[in-house]
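Number of protein chains: 2
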Amino acid sequence: MREREQEQSSANGPIYLRVRDQIADQIENGLLQPNSRLPSERVLAESNHTTRVTARLALAQLEAEGRIYRSNRRGWFVSPPRLVYNPTEDYSFSDNVVAQGRVPATETLDVTTIEANAWLAAKTGLAEGDPIVRLHRRRQIDGRSVLVENIYLNARRLPGIETFDFNRSLWKLMREHYGLELARKQIEMFPTALVDPQAEALGVNAGTAGLYVTRCSRDNEGCFVEFDEEFWLHDTLSIQVDVR
Amino acid sequence: MREREQEQSSANGPIYLRVRDQIADQIENGLLQPNSRLPSERVLAESNHTTRVTARLALAQLEAEGRIYRSNRRGWFVSPPRLVYNPTEDYSFSDNVVAQGRVPATETLDVTTIEANAWLAAKTGLAEGDPIVRLHRRRQIDGRSVLVENIYLNARRLPGIETFDFNRSLWKLMREHYGLELARKQIEMFPTALVDPQAEALGVNAGTAGLYVTRCSRDNEGCFVEFDEEFWLHDTLSIQVDVR
DNA sequence: AAGTGGTCTAGACCACCAC
DNA sequence: TGGTGGTCTAGACCACTTG
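Chains as they are written, first to last, in UniProt numbering: chain A, 1 to 244; chain B, 1 to 244.
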């Protein structure tokens, strides 16, 4: 413990920031490749002559910056590049992921027909009690679950929608089967922590940083079609939008 | 310490999640108003028969959710509502804040003329070495610093821009003085932690959650006008965009 | 001067995962 | 079964802010 005094390295700040910088350098230099495992917390603590609490502070910093992520109790891993995502476009998640050289996967967790509650009525413009098909999906990139979503579909506007295969692109389904081009779209998003139903579905701890994204789509006549609510892990995406 | 065993409250999970829920309830019930101070960490620890480390875990959760924020070493405070922000619009920060019933402030921290480096050249389409006016500002809502930004202006397209008062709306300046309507705009944003130059400028700890937003604007001829780089505190804004 | 959060120690036990 | 992160204890000293 005593030899820390003579460690006159670059930063004279807190230990955990020095540990953070050291790991960040290793990531930037390619010593640590995307998705590779970091040394365990106990090893990091020992090799820096400090304790686990301090090592975890450094790891939490890197996690907040989106440079590393944790997987269950398996360890800490280097984050791969963010997926570039344009929420204003009708697009296929799978096509987009493939176009960026990654491997997508979609799991349909649940499909139910429900009635619009007050919250949904306010978001969609439907009346309370109107029928809605609720679709719950989880999506992965390279085997890592990166988002869960709730999709609320206007059952009257899309009759029979609940009978389709929801692991393919919804957007293609709407266009090809219903001859539908989405016109108006309202998008809202903000950073927040993922809490319990979603955190558990993604296999992360409650409190993990995320991005909450909603999209409300209408047809040419302004009729509500789809309300989409997405919970992303914060280090997995970069939003990109072109205007005009 | 021993009496914790009989504390058979709602959640049987970790202590810090119970403390989190208890504080979250007080915020939702209005017992804790926006911008009011929470009890100190030591008080929270004692009143929950636990230690500061655990109390801080609970506070960190609420901070990650955007429900509370910290101010220097003064304490923890309840977050006010998020500012609704549309980065695709030419708009005045001040007008927008006022329209939402809040009090805005802008501080110009620095104005310099620089030459485009490789990074700026790639972002703007200018050549390396082209002249750019760099404007560094900090903006507040109700006295809390919520973002710092770097604005890079095309000095050739906006001659004399560096002589103006930068505490007013840049967008109005461009329209009224240069007769300029911005046409194409590329926006990119992702959640990340705020690190040192920006964290310090905002008076927060390195590692505080933030949202990084960039906007690149061009005129009708596609000529680069402005590249804006914004660092927001993550709990202070909600992005909202309407398409078509 | 007193109180606050910021950092840190040196341990401990637990739940879960991989071997 | 051994190693991982997840949670927790019971303290400590420091830097800074506030009255």
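Using N, Cα and C, we set each Cβ at its ideal position, and we do this for glycine too.
Keep in mind the model is a prediction, meaning the values are calculated, not measured.
Open item on the list: Along the chain, where does the alpha helix (DSSP H) containing L32 (chain A) start, and where does it finish?
Closed with: Taken as a continuous stretch (DSSP letters only), L32 (chain A) belongs to no alpha helix (DSSP H), as it is neither H nor E.
Open item on the list: DSSP has E229 (chain B) in a bridge; who is on the other side?
Closed with: DSSP lists B:N150, B:T214 as partners of E229 (chain B).
Open item on the list: Tell me the residue span of the alpha helix (DSSP H) that contains P197 (chain B).
Closed with: Taken as a continuous stretch (DSSP letters only), the alpha helix (DSSP H) holding P197 (chain B) covers 196-202.
Open item on the list: Under 8 angstroms, CB to CB, which of the residues in the segment 184-195 of chain B have a partner in chain A?
Closed with: The segment 184-195 of chain B vs chain A, Cβ under 8 angstroms: R184, K185, Q186, I187, E188, M189, F190, P191, T192, A193, V195.
Task: Start-end ranges of the beta strand (DSSP E) lying completely within the segment 128-176 of chain A, minimum 3 residues - done: Listed in chain order, the complete beta strand (DSSP E) runs (minimum 3 residues) inside the segment 128-176 of chain A are 131-141, 144-154.
- [ ] Please list the segments of the beta strand (DSSP E) lying wholly inside the segment 20-98 of chain B, counting only runs of 3 or more residues, in order along the chain.
- [x] Here the runs fully enclosed are 68-71, 75-78, 83-85.
TODO: Report the three-state DSSP secondary structure of A193 (chain A) (helix, strand or coil).
DONE: The answer is strand: DSSP assigns A193 (chain A) an E or B state.
- [ ] Under 8 angstroms by Cβ, that's how I've got C216 (chain B) and Q186 (chain B) pegged, so tell me the actual separation to the nearest angstrom.
- [x] Going by Cβ atoms, the distance from C216 (chain B) to Q186 (chain B) rounds to 5 angstroms, so yes, they are a contact pair.
Task: Span of the alpha helix (DSSP H) around L182 (chain A) - done: Secondary structure note for L182 (chain A): it is in no alpha helix (DSSP H), with a DSSP letter that is neither H nor E.
- [ ] Taking only beta-carbon positions, decide if residue 294 (chain B) is within less than 9 angstroms of chain A.
- [x] This structure cannot settle anything about residue 294 (chain B), because the visible part of chain B is limited to 1 through 244.
Task: First through last residue of the alpha helix (DSSP H) which encompasses T124 (chain B) - done: Taken as a continuous stretch (DSSP letters only), the alpha helix (DSSP H) holding T124 (chain B) covers 118-124.
Task: Start-to-end residues for the beta strand (DSSP E) that takes in E115 (chain A) - done: It spans 104-115 - the beta strand (DSSP E) in which E115 (chain A) sits, taken as one unbroken run.
Open item on the list: For R20 (chain B) and R67 (chain B), what's the separation of their Cα atoms in angstroms?
Closed with: Here the alpha carbon of R20 (chain B) sits roughly 10 angstroms from the alpha carbon of R67 (chain B).
Open item on the list: Any heavy atom of the ligand FAD inside 8 angstroms of the beta-carbon of L44 (chain B)?
Closed with: Of the ligands one can find in the structure shown there are none, so the ligand FAD has no counterpart to examine.
Open item on the list: Within a Cβ cutoff of 8 angstroms, which residues of the same chain sit near P39 (chain B), ignoring the five residues on either side of it in sequence?
Closed with: The beta carbon of P39 (chain B) lies closer than 8 angstroms to those of S47 in the same chain, with the five residues before and after it left out.
Open item on the list: Strictly by DSSP, which residues pair up with residue 264 (chain B)?
Closed with: Within the shown structure, residues of chain B are numbered from 1 to 244, placing residue 264 (chain B) beyond reach of any answer.
Task: Residues near E3 (chain B) in its chain [Cβ-Cβ closer than 7 angstroms; skip 5 each side] - done: Confidence at E3 (chain B) is low in this model, with a pLDDT of 26, below 50, so the placement of that residue should be treated as unreliable; the coordinate-derived value is given next. Within the same chain, and ignoring the five residues on either side of E3 (chain B) in sequence, the residues whose Cβ sits closer than 7 angstroms to its Cβ are H49.
Task: Buried versus exposed, by CB contacts within 10 Å (16 or more), A55 (chain A) - done: Buried is the call here.
Task: Buried versus exposed, by CB contacts within 10 Å (16 or more), S36 (chain B) - done: Exposed, by the Cβ-count rule.
Task: Whole-angstrom distance between H234 (chain A) and R70 (chain B), CA atom to CA atom - done: Near 21 angstroms, if we compare the C-alpha coordinates of H234 (chain A) and R70 (chain B).
- [ ] Please report how far the alpha carbon of R156 (chain A) lies from the alpha carbon of P197 (chain A), in whole angstroms.
- [x] Just so you know, the alpha carbons of R156 (chain A) and P197 (chain A) end up roughly 28 angstroms apart.
TODO: To the nearest angstrom, report how far apart A60 (chain B) and E28 (chain A) are at their CA atoms.
DONE: Computed Cα separation, rounded: 28 angstroms.
Task: Separation of A58 (chain A) from L17 (chain A), as counted between CA atoms - done: In this structure, the straight-line span from the alpha carbon of L17 (chain A) to that of A58 (chain A) is close to 6 angstroms.
Task: Proximity to A105 (chain B) [Cα-Cα], best of B:L182, B:F164, B:R139 - done: Considering only B:L182, B:F164, B:R139, the residue with the shortest C-alpha distance to A105 (chain B) is B:R139.
Open item on the list: For E7 (chain B) and P14 (chain B), I'd like the C-alpha separation in whole angstroms.
Closed with: Caution applies to E7 (chain B), whose pLDDT of 28 falls short of 50 and renders its modelled position unreliable; the model cannot decide the point.
- [ ] Give, in chain order, every residue of the segment 67-89 of chain B whose Cβ lies closer than 7 angstroms to some Cβ of chain A.
- [x] Correct list: R82, T88.
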